[in-house]
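Undergrad:
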């Protein structure tokens with residue numbers, strides 16, 4: 051069944067669990083504690099409205115002793131085939147990430163979507179994975 055586009059503005063709140071899949075970490079020579087990381091990551095998003103989406107994304111960071119800027123590109127794909135693609139930028143400080151999204155595009159229900167959003171890490175007991183609170187403000191024509 052094809053997805054039907056929704057016109058207007060919609061707030062999507064969700065929890066996200068992510069895990070690095072294919073990540074390269076490079077330590078910077080002659081700068082103690084400096085590393086550059088980039089690679090592919092994967093996640094599962096659990097939306098307040100009961101829907102679930104998978105998140106495929108690429109991430110890049112430039113961290114000095116665990117703190118510094120991060121950015122990347124994410125595509126959230128819902129089980130009906132609809133998707134939202136966004137760029138994010140933020141920072142890691144004291145082991146916590148926080149940042150903003152800019153929605154670049156969408157398909158299906160979110161065809162031609164634009165908008166913004168935000169994220170921040172949540173304390174969790176996951177080893178090798180991260181838990182986030184996230185929100186999109188999606189605008190569709």
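Residue numbers (our numbering): 51 to 191.
Note that the Cβ used here is the ideal one computed from N, Cα and C, for glycine as well.
Looking only at C-alpha atoms, which of 182, 178 and 98 sits nearest to residue 71?
TA: Nearest option by C-alpha distance: 178.
Undergrad: Could you give the residue range of the beta strand (DSSP E) that holds residue 159?
TA: That residue, residue 159, is in no beta strand (DSSP E); it is neither H nor E in DSSP.
Undergrad: In whole angstroms, give me the CA-to-CA distance for residue 172 and residue 56.
TA: The alpha-carbon atoms of residue 172 and residue 56 are separated by roughly 30 angstroms.
Undergrad: Considering only the alpha carbon of each residue, which of 152, 182, 160 and 169 lies closest to residue 191?
TA: Nearest option by C-alpha distance: 160.
Undergrad: When the Cα atoms are used, what is the spatial distance from residue 99 to residue 189?
TA: The straight-line gap from Cα to Cα measures roughly 17 angstroms.
Undergrad: Within a Cβ cutoff of 6 angstroms, which residues of the same chain sit near residue 86, ignoring the five residues on either side of it in sequence?
TA: Only 76 and 112 meet the Cβ criterion.
Undergrad: Mind checking residue 110: buried by the 16 CB within 10 Å criterion, or exposed?
TA: Under this definition residue 110 is an exposed residue.
Undergrad: Please classify residue 82: does DSSP put it in a helix, a strand, or coil?
TA: Coil, per DSSP.
Undergrad: In the DSSP assignment, find the unbroken beta strand (DSSP E) run with residue 128 in it and report its ends.
TA: 118-128 is the span of the beta strand (DSSP E), which, as asked, contains residue 128.
Undergrad: Going by other Cβ atoms of all chains shown within 10 Å of its Cβ, with 16 needed for buried, is residue 102 buried or exposed?
TA: Label assigned to residue 102: exposed.
Undergrad: Using a 10 Å radius around the Cβ and a threshold of 16 neighbouring Cβ atoms, would you call residue 152 buried or exposed?
TA: That one is exposed.
Undergrad: Is residue 176 helix, strand or coil by DSSP?
TA: Looking at residue 176 - three-state DSSP - the assignment turns out to be coil, as it is neither helix nor strand.
Undergrad: Can you give me the C-alpha to C-alpha distance between residue 119 and residue 141, rounded to a whole angstrom?
TA: Whole-angstrom Cα-Cα distance: 4 angstroms.
Undergrad: Buried or exposed: where does residue 105 fall if 16 or more other Cβ atoms within 10 Å of its Cβ makes it buried?
TA: The residue is buried, with at least 16 neighbouring Cβ atoms inside 10 Å.
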